[in-house]
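Residue numbers (the working numbering): 265 to 381. Let me begin by presenting the structure, written as structure tokens, before commenting on it.
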């Protein structure tokens, strides 16, 4: 609204521009202050919800050049667990600890990654 008011005041010279731009600028300023003053706190997840969270097990579309896509999620809080989603078959597996250095899907046996030294 404030930008619209500025545009009107520049494009319509004289009093006509101010007749439209003045109220639009005031309303835009009020809306800006109102929007800034809204304080909605996002609701966090409970400990139980965090411990039960799991990614959706679904196949992912192939990447560039036909490469197999995969998704790795690692928890930040104890116990440290890592979920690995194979994009080729949609198999979801949990391993204890952080991301392994190499991994092949246990369902379709496709190698997903290998760490280079």
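Even for Gly, the Cβ is constructed at its ideal location relative to N, Cα and C.
When every heavy atom of the ligand NAD is checked, does at least one fall within less than 7 Å of the C-beta of residue i?
| i | result |
| --- | --- |
| residue 306 | What this structure holds is no ligand at all, so the ligand NAD is not there to describe. |
Excluding five sequence neighbours on each side, which residues of the same chain lie with their C-beta closer than 7 Å to the C-beta of residue i?
| i | result |
| --- | --- |
| residue 349 | 319, 321, 334, 335 and 356 |
| residue 339 | 345 |
Give me the residue from the options with the minimum Cα distance to residue i.
| i | options | result |
| --- | --- | --- |
| residue 324 | 364, 352, 271 and 276 | 352 |
| residue 379 | 363, 372 and 271 | 363 |
| residue 225 | 297, 282, 372 and 314 | Residue numbering for the chain in the displayed model covers 265 to 381; residue 225 lies beyond these limits and cannot be assessed. |
| residue 361 | 343, 317 and 281 | 343 |
Around the C-beta of residue i, are 16 or more other C-beta atoms found within 10 angstroms, so that it is buried, or is it exposed?
| i | result |
| --- | --- |
| residue 376 | buried |
| residue 285 | buried |
| residue 289 | buried |
Could you pull out every residue in the same chain whose Cβ sits closer than 6 Å to the Cβ of residue i, ignoring the five residues on either side in sequence?
| i | result |
| --- | --- |
| residue 327 | 333 |
Residue ranges of each alpha helix (DSSP H) within the segment 302-356, 4 or longer: Taking only runs of at least 4 residues, the alpha helix (DSSP H) segments lying wholly in the segment 302-356 are 311-316.
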